[in-house]
Amino acid sequence: MKKLFNTAETMVDDMLDGFVSAYPHVKRGVNDPRVIIRDSNAKDADEKVTLLIGNGSGHEPIAMGFVGQGVLDANVVGDVFAAPSADLILDGIAEVSGAAGSILLISQHSGDMINGRGAVMMAQDEGIDVLALPMYDDISAAPPERKKDRRGAPGTMFIYKILGAAAEEGRSQADLFSLGEAVRDRIVTLAAAVSPGVSPLTGLPMFSLPEDEIFLGMGVHGEPGVGRVKVGPVNELVELMIDKLLADRPITDGGCACVIINGMGGTTMMELLTIWSETKAKLSRHGISAIAPMIGSYVTTQEMGGFSISLMEPTDDMLACWCAHSDTPSFPKITHVEKDLTQ
Amino acid sequence: MSAEPFFTSLHQKFTAQMVHLNALDAAVGDGDHGSTMLRGLTKAVAADETKRSKAFMRASGGASGTLFGLILIAIEAHLDTGAPLDVGLSKACERICDLGEVKVGDKSMVDALAPAVAALQGGDLPAAITAAAVGRDSTKVLVARRGRSQYVEDGGRGHIDPGAVSVVIFLETLAEASPNAGGIA
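Protein sequences appear in the order of chains A and B. Residue numbers for the first sequence follow our numbering, beginning at 1 and rising by one. Residue numbers for the second sequence follow our numbering, beginning at 1001 and rising by one.
The following block contains the structure:
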């Protein structure tokens, strides 16, 4: 597979050079070039709780694209598909933490959890006030009674944005942490993969799938999930996925759900908008209003084909934070308007 | 005191043992334990004073870089600043069990580290080395519960855990490079 890079050794830093020179919102950390921090709109870390996350690269725009006002204060960028090391995450924590304290968000995968929690322990040894918040939402990874064993999936973006907006309002570290847990309890995500991404390191597809099959519940690195289904009209696939999501965490008739339709990198906006439309229609048949959607390719695995559907039944506070203004390179404007589509 | 002689000597040990450790790891994991450790130690030797363990974490990478790095942080702090070794290693062991979700008997580095920590209370490094070696050898008959080795045939039974081997090398090297190490400061 043809890829447009210079060398495997420099591809991450080449990308970061482009990123920081393209956007006024961000710059590299003072102590470590693999730490991306807010620039033009940074707030005083003694006044505002800072939020950060570390992740392997290769999944852009997440998470560096969300550094800026109203979302994240820093992103610690690891090598391709590899969790950043604990000392690198510690550098990121030290870079942005202040008297108000910090929260390290961790999308739950084994390496990210060990290195992230290890970094938080080391930071606490150095007297830094930081807490680790594990994030998980992939219903295919474990049943509801073992929710804590689930992987982090694109529904974790609800947590980034809601905590980001609440932190911007000046809420305390303890309040933000419990808000984060409350949001996490309300998120369910299920993914469907149609074709593999190609690793920038090896040039090889990351898994294989027959031409007429879709893999339900695949993780962002191609981890196994529920199983295979045959390709058919997308409305049937959405119907099946929504049934599984609602069986996992029911939403009552008359309720509402914020929705993320995330593309994995190789699925078009044309397809994603169709999937959103089917999602809205299916939820409507259950008496649930689908609101304030985020639609696009935000958590990607190179050119992997496929998408995920995430639902979050919000409280009024969560909905307000989800729709709050933000200014980052990549987080979209989220709007909640009641539209009369019958006209 | 300085941690430099310890890291220099450790680097030499792992240079000599790399192929052997990779072979041990090939039986229970992906066969790169020796290379990964050596990659980290090469950077640790070149790093500034007090930054050697962090340099190790960065260069060796992955979760194992963090877990072994926590042991090295305790040793480095002891050698650099006289921080008590028993307290440092005890904390490192607790954290490794917590982060790696392992306990004694799961066929991991902890099977060597935990008995060493217990024997070290009171400052007896030679006793800790003996206890670690017994723990290391005990991993041969154990079945892995965590990490990659849980997926190999019979959980790797019949093979010694390379991480436990490395823990013993850490402690032996510490005793050689710094004969007073472990003593109550």
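Every residue gets a Cβ at the ideal spot worked out from N, C-alpha and C, and that includes glycine.
**Q.** Reduced DSSP secondary structure (H/G/I, E/B, other) of T300 of chain A
**A.** What you label residue 300 of chain A is simply residue 300 of the first sequence in a count that begins at 1. In the displayed model, T300 of chain A falls within coil according to three-state DSSP, outside both helix and strand.
Q. Under the three-state reduction of DSSP, which class applies to T189 of chain A: helix, strand or coil?
A. Numbered from 1 along the first sequence, position 189 holds the residue referred to as residue 189 of chain A. For T189 of chain A, the three-state secondary structure derived from DSSP is strand.
Q) Hey, does S57 of chain A have any beta-carbon neighbour from chain B nearer than 8 Å? A) As a working note, residue 57 of chain A is residue 57 in the first sequence. Put simply, the CB of S57 of chain A is far from chain B, with every gap to its CB atoms at 8 Å or more.
Q. Hey, does R1095 of chain B have any beta-carbon neighbour from chain A nearer than 8 Å?
A. The count along the second sequence starts at 1 and reaches residue 1095 of chain B at position 95. Yes, its Cβ sits closer than 8 Å to a Cβ of chain A.
Q: Could you pull out every residue in the same chain whose Cβ sits closer than 6 Å to the Cβ of R117 of chain A, ignoring the five residues on either side in sequence?
A: Locating residue 117 of chain A in the first sequence gives position 117, where the first residue counts as 1. Correct list, in chain order: A132.
Q) Using the C-alpha atoms, what's the distance from D1124 of chain B back to G225 of chain A? A) Here the question's residue 225 of chain A lines up with position 225 in the first sequence. Here the question's residue 1124 of chain B lines up with position 124 in the second sequence. So the two alpha carbons sit approximately 50 Å from each other.
Q. DSSP three-state call for S310 of chain A: helix, strand or coil?
A. Counting from one through the first sequence, the residue named residue 310 of chain A turns up at place 310. Reduced to three states, the DSSP call for S310 of chain A is strand.
Q: Alpha carbon to alpha carbon, how far is P314 of chain A from V183 of chain A? Give it in angstroms, no decimals.
A: Taking the first sequence and counting its residues from 1, the one referred to as residue 183 of chain A is at position 183. Taking the first sequence and counting its residues from 1, the one referred to as residue 314 of chain A is at position 314. One C-alpha to the other measures close to 8 Å.
Q. How far does the alpha helix (DSSP H) with E211 of chain A in it reach, from first residue to last?
A. For the purposes of this step, residue 211 of chain A is taken as the residue at position 211 of the first sequence. No alpha helix (DSSP H) holds E211 of chain A; DSSP gives it neither H nor E.
Q: Identify each residue in the segment 84-101 of chain A for which the Cβ-Cβ distance to at least one residue of chain B is less than 7 Å, and report them in chain order.
A: For the segment 84-101 of chain A, which is checked against every Cβ of chain B, the residues closer than 7 Å are S85, A86, D87, L88.
Q: With DSSP as the reference, label I251 of chain A as helix, strand or coil.
A: Here residue 251 of chain A refers to the residue found at position 251 when the first sequence is read from its first residue. Three-state DSSP puts I251 of chain A in coil, outside helix and strand.
Q: Might you give, ordered along the chain, the residues of its own chain that have their beta carbon closer than 6 Å to the beta carbon of G1069 of chain B, omitting 5 neighbours on each side?
A: Walking along the second sequence from the start, residue 1069 of chain B turns up at place 69. S1053, F1056, M1057, listed in sequence order.
Q. Helix or strand or just coil, what does DSSP make of D1 of chain A?
A. Here the question's residue 1 of chain A lines up with position 1 in the first sequence. One detail in the question is off: residue 1 of chain A reads as Met in this sequence, not Asp. DSSP places M1 of chain A in coil when its eight states are reduced to three.
Q) So is A1063 of chain B in contact with chain A if we call contact Cβ pairs under 8 Å? A) If you number the second sequence from 1, residue 1063 of chain B lands on position 63. By the rule that beta-carbons nearer than 8 Å mark a contact, A1063 of chain B touches chain A.
Q) Do we get a CB-CB distance below 8 Å when we pair G65 of chain A with the residues of chain B? A) Along the first sequence, one-based indexing puts residue 65 of chain A at 65. So, not an interface residue.
Q: Tell whether a beta-carbon distance below 8 Å holds between I334 of chain A and I288 of chain A.
A: The residue labelled residue 334 of chain A in the question sits at position 334 within the first sequence. The residue labelled residue 288 of chain A in the question sits at position 288 within the first sequence. No, these two residues do not count as a Cβ contact at 8 Å.
**Q.** Pick from A:K43, A:Q302, A:A174 that is closest to V198 of chain A, judged by C-alpha positions
**A.** Sequence index remark: in the first sequence, residue 198 of chain A carries index 198 (1-based). The candidate whose alpha carbon is nearest that of V198 of chain A is A:Q302.
Q) Can you find a CB in chain B that lies within less than 8 Å of the CB of S199 of chain A? A) Against the first sequence, residue 199 of chain A aligns to sequence position 199. With 8 Å as the cut-off, S199 of chain A does not count as an interface residue toward chain B.
Q: To the nearest angstrom, report how far apart G1088 of chain B and I106 of chain A are at their CA atoms.
A: Walking along the second sequence from the start, residue 1088 of chain B turns up at place 88. Walking along the first sequence from the start, residue 106 of chain A turns up at place 106. Spanning the two alpha carbons is a distance of roughly 26 Å.
Q.
For the segment 1142-1150 of chain B against the segment 1093-1112 of chain B, do three or more pairs of beta-carbon atoms, one drawn from each stretch, fall closer than 8 Å, so that the two count as touching?
A. yes
Q | Cα-Cα separation, G1156 of chain B to S1138 of chain B | A | Counted from its first residue, the second sequence places residue 1156 of chain B at position 156. Counted from its first residue, the second sequence places residue 1138 of chain B at position 138. Spanning the alpha carbons of G1156 of chain B and S1138 of chain B requires a straight line of approximately 13 Å.
Q: At 7 Å on the CB atoms, spell out the chain A contacts of M1057 of chain B, in chain order.
A: The residue given as residue 1057 of chain B occupies position 57 in the second sequence. Scanning chain A for C-beta atoms nearer than 7 Å to the C-beta of M1057 of chain B yields S85, A86, D87, reported in chain order.
Q) Name the DSSP bridge partner or partners of L131 of chain A? A) As a first step, residue 131 of chain A must be located in the first sequence, where it is residue number 131. A:I103, per the DSSP bridge assignment.
Q.
With DSSP as the reference, identify every bridge partner of G54 of chain A, one or two as the case may be.
A. By one-based count along the first sequence, residue 54 of chain A stands at place 54. The partner list for G54 of chain A (beta bridge, DSSP) reads A:V76.
(Q) Tell me the DSSP secondary structure of Q69 of chain A in three-state form. (A) Counting from one through the first sequence, the residue named residue 69 of chain A turns up at place 69. Strand, per DSSP.
Q. Does any C-beta atom of chain B lie closer than 8 Å to the C-beta of N115 of chain A?
A. Here the question's residue 115 of chain A lines up with position 115 in the first sequence. Yes, N115 of chain A counts as interfacial toward chain B.
Q | Members of the segment 1131-1148 of chain B near chain A, C-beta cut-off 8 Å | A | none
Q | Alpha-carbon spacing of T1015 of chain B relative to H325 of chain A, whole angstroms | A | Start at 1 with the first residue of the second sequence, and residue 1015 of chain B comes out as number 15. Start at 1 with the first residue of the first sequence, and residue 325 of chain A comes out as number 325. Computed Cα separation, rounded: 55 Å.
Q | Within chain B, the residues that A142 of chain A reaches when beta carbons sit closer than 8 Å | A | Start at 1 with the first residue of the first sequence, and residue 142 of chain A comes out as number 142. By Cβ distance, chain B contributes nothing, its closest Cβ being about 15 Å from A142 of chain A, past 8 Å.
Q: Could you work out which residue in B:S1002, B:G1065, B:L1120, B:N1022 is closest to A83 of chain A when comparing CA atoms only?
A: By 1-based counting over the first sequence, the position of residue 83 of chain A is 83. The shortest C-alpha separation from A83 of chain A is found at B:G1065.
Q. Buried or exposed: D87 of chain A, going by 16 or more other Cβ atoms within 10 Å of its Cβ?
A. Here residue 87 of chain A refers to the residue found at position 87 when the first sequence is read from its first residue. Buried: at least 16 other Cβ atoms inside 10 Å.
**Q.** Touching by the beta-carbon criterion (3+ pairs, under 8 Å), the segment 1001-1011 of chain B and the segment 1170-1183 of chain B
**A.** Output reads yes: the segment 1170-1183 of chain B touches the segment 1001-1011 of chain B.
**Q.** Among A:L283, A:I275, A:P196, A:Y160, nearest to L179 of chain A - alpha-carbon criterion
**A.** Position 179 of the first sequence, counting from 1, holds the residue named residue 179 of chain A. If we check each option's Cα against that of L179 of chain A, A:Y160 comes out closest.
**Q.** Residue-level contact to chain A via CB, T1042 of chain B, 8 Å cutoff
**A.** Looking up residue 1042 of chain B in the second sequence gives position 42. With respect to chain A, the C-beta atom of T1042 of chain B has no partner C-beta closer than 8 Å.
Q. Buried or exposed: V1141 of chain B, going by 16 or more other Cβ atoms within 10 Å of its Cβ?
A. The count along the second sequence starts at 1 and reaches residue 1141 of chain B at position 141. Per the 10 Å Cβ criterion, exposed.
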